[in-house]
Amino acid sequence: MSLKVYNTLIGKKEEFIPIKEGKVGMYVCGPTVYDTSHIGHARSVVVFDTIFRWLTKLGFDVRYVRNFTDVDDKIIKKSNQTGQDCSVITEKYIDEFHNEMDALNVLRPVVEPKATENIPHIIDFIQMLIDRGKAYHVDGGDVYFSIDSFKTYGKLSGRNPDDMRAGARIAVDEKKKNPLDFTLWKPAKPDEPFWESPWGEGRPGWHIECSAMSYEYLGESFDIHGGGKDLIFPHHENEIAQSEAVFGVQFVKYWIHNGFVDINNEKMSKSLGNFTMIKEVLAAYSPEVIRMFLLSNHYRSPIDYSEDSMREISLGLDRIYAFLERLENAGVKVDASQKGELWKEFSLAMNDDFNSAKALGLIFESVKKGNRLLDETGDTPKDDILKTLVLFYNDIKAIAHILGIFLLSPSSYFKFKKDKGMTAMAIDPSEIEDLIQQRAKARKNKNFSRADEIRDLLQAKNITLEDGPEGTTWRFE
RNA sequence: GGCGGCUUCGCCAAGGGGUAAGGCAACGGCCUGCAAAGCCGUUAUUCUCCGGUUCAAAUCCGGAAGCCGCCUCCA
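The numbering of the first sequence is my numbering, which starts it at 14 and goes up by one.
Right, here's the structure in full:
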C-alpha cells in the first residue's frame, strides 16, 4: 500500500518515495503577517496539517517547516499608517494566527522561521547567487535574479519566458536585464526598516526568504513544498530558480498546492469586499465544523463557503457524534488494539493523494451500517455484532486523530452545543426540564394537545424533543 | 494573448478504462399517541455536447460550448 501524491511539477499523481528513507522534509509557505488571516489561509494550513499527520502516521519522521513572512511592503505600509513599529504589527498577527490555528486543532510545525530572524542566511544566499553569476547588483542598491542565467525557468508553472510579455501590466524597471528578473534585495527608503548588507542598507525580496530558510532548515534538497495554488507562479517558480541556481541539484521532489476557498461561488477579493476572516467564521461555527468543512472537498479542488454548506456540514457532524453516543449507550467501548475495515478503506483514501473527502464519505457509510446493526439488535449488541461495532468505534477514533475532528466525547460535544444554544436563546436548562416534566405528565394523562403545545413551544426556541424508552431527551438544532 | 483547471442526481460531492460512494433535500414505509432520531425503499442505464480508440469510456484521444484560476499582492 503506497502513498500517491499529485505533483504540480509533473502534473500528475506519482508514488511518494522520500529522498532519505523514513524521513520527510516538508516546507509550507505561511502567511505574511500584516493582517488578520482569512478562511483561505485556514484551508491551506488545515490541509497541510492533515498531510503532516498522515505522513507521521505512515511512520515517516517528518521535519515540517512553515515560515512567517514578517518583512514586506504591506507590513511597512501598515506601520506607516498606524505609527506602530513593524515588529508590533507582525507579533500581533503571529499571535492571532497561532490562536486561531490552535482553535482549529492544527499542530505546530517543527520549525516556524521568520524572515527577520534569518537575514544573515538570506544575505549569504544572495551572495552565493551573485558569485555564481546568477544575480546582479545594479546602481541604486537593488539585486536582481537573472532569469536568463537559469535555463529551466518556468518548469513548475509550464511557462516559457520567451512567451511571457512581462511588463504588459506593470511598468518594467529599466535596470533589469530581462523584464522577468525579480528582486532579491531592495534598498531601504527613508523611514523603512533595513539591514546592513554588501549592497547597502535594505531588505530582502519576497521569494528569497523561502529559498534561504528552506536551505537552512531542510537542506539543498527536500521532499515536499506546499502552499496555495496562487503561489505556483511566480513565487515557487522563483524559489526553484534561486535554489537550483545555487546548488545545482533538484530543489524539491514533490510540489503540493491547495485550491481556493470561494465565498458564495465568488473568489475572495478586495473589490468584492468578501474577504472572510477566520475570526468571523469562528464566531459563527464551532472550530470542528470549520475544520470538517475544509476537509470535505479534495484539497486541490475549489471549495465554496456559504451558510448552506456550513449548515450541511454541521448536520453531518451531529449525525456522526449521535452515532458515537449511541454506540457508547449500547455498551460499546473503545479498544484501540484492533483496526477494522473502515480504517483500511480510510488508509486507501488518504494514500490516494490525501483524499479526505472520500474519507468522510466512508465514515458516513459506517455510521449507516452501525446504526442498522444497532436497530437490529435493539441497541443491545452481542458477540460478533458487538465486535463489529467496537471496530467501527476504534476506526472512527483513529481517523479522528488524522483529520483532527471527532475528537470530543459525544457527551461533551452535545453539552457544548446545548450550552451555546442556551446562551443564544437566553434560556435556562431547568426551565426546559420543567416543561419536559409538565409534558410527561400531560402525556401520561393522554392530554396530547397540551403535550404537543409544550413541544411546539420548545421547538420555537430551536429545541427538539426526542422521546425514547428511557424518557425524553432534548437538543438544539 | 500565454499557462492551468473544471462541467457527475434538485443542491453539495467522491470516482478518473470494467459497468455510478457519500451528505443535504424530497417522497413512501417501519417505529411513535403524534413527532423527532434511526432504519428500509424510491430519486443519474447515466456522468455538458460531438466524434474517435477499445471487447469495455463518466474515466483515454480529438473537437465544440460554458464556467473558473494564474500570468499584479494574494492561501
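Note that beta-carbon positions come from the ideal geometry of N, C-alpha and C, so glycine has one too.
Computed from a predicted model, the values in this text were never measured in an experiment.
Taking 7 Å as the threshold (C-beta atoms), are PHE65 and VAL75 in contact?
Counted from its first residue, the first sequence places residue 75 at position 62. Counted from its first residue, the first sequence places residue 65 at position 52. In contact: VAL75 and PHE65 (Cβ atoms closer than 7 Å).
Excluding the five sequence neighbours on either side, which residues of its own chain have a C-beta within less than 7 Å of the C-beta of LEU375, listed in chain order?
What you label residue 375 is simply residue 362 of the first sequence in a count that begins at 1. Correct list, in chain order: LEU355, GLU358, PHE359 and ALA362.
Helix, strand or coil for GLU279, going by three-state DSSP, please let me know.
As a first step, residue 279 must be located in the first sequence, where it is residue number 266. DSSP places GLU279 in strand when its eight states are reduced to three.
Helix or strand or just coil, what does DSSP make of VAL124?
As a first step, residue 124 must be located in the first sequence, where it is residue number 111. Residue state, collapsed to three classes: strand.
Would you tell me roughly how many angstroms separate the C-alpha atoms of MET114 and LYS457, rounded to the nearest one?
Working through the first sequence from its first residue, we reach residue 114 at position 101. Working through the first sequence from its first residue, we reach residue 457 at position 444. Rounded to whole angstroms, MET114 to LYS457 spans 51 Å at the Cα level.
Roughly how many angstroms lie between the CA atoms of ILE476 and GLY484, to the nearest whole one?
Counting from 1 along the first sequence, the entry for residue 476 is found at position 463. Counting from 1 along the first sequence, the entry for residue 484 is found at position 471. Going by the C-alpha atoms only, they are around 16 Å apart.
Following the continuous beta strand (DSSP E) through VAL10, name the residue where it begins and the one where it ends.
A query on residue 10 cannot be resolved here, the shown segment of the chain reaching from 14 to 490 and no further.
Assign ASP175 to one of two classes, buried (16 or more other C-beta atoms within 10 Å of its C-beta) or exposed (fewer than that).
For the purposes of this step, residue 175 is taken as the residue at position 162 of the first sequence. So ASP175 counts as exposed.
Quick one: measure Cβ to Cβ for ILE32 and PHE235, integer angstroms, because I've assumed they're closer than 8 Å.
Within the first sequence, residue 32 is the residue found at index 19, counting from 1. Within the first sequence, residue 235 is the residue found at index 222, counting from 1. 7 Å between Cβ atoms; contact.
To the nearest angstrom, how far is the alpha carbon of ARG304 from that of ASP152?
The residue you call residue 304 lines up with position 291 of the first sequence. The residue you call residue 152 lines up with position 139 of the first sequence. Spanning the two alpha carbons is a distance of roughly 50 Å.
Would you mind working out which of GLU130, ARG145 and PHE207 sits nearest ASP86, comparing C-alpha positions?
Within the first sequence, numbered from 1, the residue matching residue 86 stands at position 73. ASP86 has its Cα closest to that of PHE207, out of GLU130, ARG145 and PHE207.
Going by alpha carbons, who is nearest to GLU252 out of THR165, SER319 and TYR149?
Numbered from its first residue, the first sequence carries residue 252 at position 239. Of the candidates THR165, SER319 and TYR149, the one whose C-alpha sits nearest the C-alpha of GLU252 is THR165.
Under 8 Å Cβ to Cβ from GLN263, same chain only, skipping five residues before and after it: list those, please.
Position 250 of the first sequence, counted from the start, is the residue given in the question as residue 263. Around GLN263: SER234 and GLU257.
How many angstroms separate the CA atom of ASP366 from the CA atom of ILE412?
By one-based count along the first sequence, residue 366 stands at place 353. By one-based count along the first sequence, residue 412 stands at place 399. Looking at the two C-alpha atoms, the distance is approximately 16 Å.
Starting from the Cα of ILE88, find the closest Cα among TYR47, SER350, ASN80 and THR82 and give me that residue.
For the purposes of this step, residue 88 is taken as residue 75 along the first sequence, with counting starting at 1. Nearest of TYR47, SER350, ASN80 and THR82 to ILE88, Cα basis: TYR47.
In three-state terms, what does DSSP make of THR45?
Working through the first sequence from its first residue, we reach residue 45 at position 32. Correct three-state label for THR45: strand.
Since VAL259 is in the alpha helix (DSSP H), which residue starts that stretch and which ends it?
Counted from its first residue, the first sequence places residue 259 at position 246. Segment 250–260, the alpha helix (DSSP H) holding VAL259.
Specify, as a first and last residue, the run of the beta strand (DSSP E) that GLU479 falls within.
As a position in the first sequence, residue 479 is number 466, starting the count at 1. GLU479 -> beta strand (DSSP E) spans 476–481.
Please report how far the alpha carbon of ILE415 lies from the alpha carbon of LYS459, in whole angstroms.
As a first step, residue 415 must be located in the first sequence, where it is residue number 402. As a first step, residue 459 must be located in the first sequence, where it is residue number 446. Their backbone Cα atoms lie some 50 Å apart in a straight line.
So, for PHE260: in the same chain, excluding its five sequence neighbours on each side, which residues have a beta-carbon less than 7 Å away from its beta-carbon?
Here the question's residue 260 lines up with position 247 in the first sequence. Taken in chain order, the residues that qualify are GLU233.
What are the start and end residues of each continuous alpha helix (DSSP H) run of 4 or more residues lying completely inside the segment 175–231, in chain order?
As far as the segment 175–231 is concerned, its whole alpha helix (DSSP H) runs of at least 4 residues are 219–231.
Taking all protein chains shown into account, decide if GLY24 is buried (16 or more other Cβ within 10 angstroms of its Cβ) or exposed.
For the purposes of this step, residue 24 is identified with residue 11 of the first sequence, where counting begins at 1. GLY24 comes out exposed.
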